[in-house]
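Following: one structure in structure tokens, then a few remarks.
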Amino acid sequence: MLYLLFTCFYMRILNLPSYDFRFRITGGKQYIFDEIRKKYVMNTPEEWVRQNFIRYLIVVKRYPEALISIEHEISLNRMSKRCDAVIHSKSGNPLMILEFKAPDVSVGQPVFDQIVRYNLALKVNFLLISNGLKHYCCKIDIQNKDYAFLHAIPDYNDLSE
214 MLYLLFTCFY
224 MRILNLPSYD
234 FRFRITGGKQ
244 YIFDEIRKKY
254 VMNTPEEWVR
264 QNFIRYLIVV
274 KRYPEALISI
284 EHEISLNRMS
294 KRCDAVIHSK
304 SGNPLMILEF
314 KAPDVSVGQP
324 VFDQIVRYNL
334 ALKVNFLLIS
344 NGLKHYCCKI
354 DIQNKDYAFL
364 HAIPDYNDLS
374 E
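Each residue of the sequence shown is one higher than the one before, counting from 214 in our numbering.
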């Protein structure tokens, strides 16, 4: 029984800096406090990646917390979808879509296809995908229908509207 409790709350070490988080256990499930949404959310493997990555963007890359939207709703082919996160400009326009997967999920073509579909609605210049171990960031040239993978995740001030 003790082993089950330990494995239930195991949090994998990610390819990101280490941060402190607030946790709560309710009904035998672990919840993590989301600083953006200002509430506790279930700490799934994907949520663990999202919370760590968002904290990295705020602390290291200087992304303003107030300009990050979590579970950002979009309409795509008359269907409601949710982007894991969207980064906005100071004027409120979307700049970057972020898609997170659990560490054991491969970041392959289906994940890229998913975020590209989301971009049909938002038309942002940057797409970012991470499973906490591998991170991919693309700069999109919508006019020329082209893209380029970036060697590093840009600082907030380097994102262009």
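Ideal Cβ positions, reconstructed from N, Cα and C, are used throughout, including at glycine.
Note that the structure is predicted; figures quoted are calculated from it, not measured.
- Under the three-pair Cβ rule at 8 angstroms, the segment 272-283 counts as touching the segment 297-317.
- Secondary structure of residue 284 (DSSP, three-state): strand.
- Under the three-state reduction of DSSP output, residue 259 falls in the helix class.
- The shortest CA-to-CA distance from residue 235 to any of 290, 229, 265 and 358 is the one to 265.
- Under the three-state reduction of DSSP, residue 315 is assigned to coil, being neither helix nor strand.
- Secondary structure at residue 254: strand, using DSSP grouped into helix, strand and coil.
- As a beta-bridge residue in DSSP terms, residue 341 pairs with 311 and 350.
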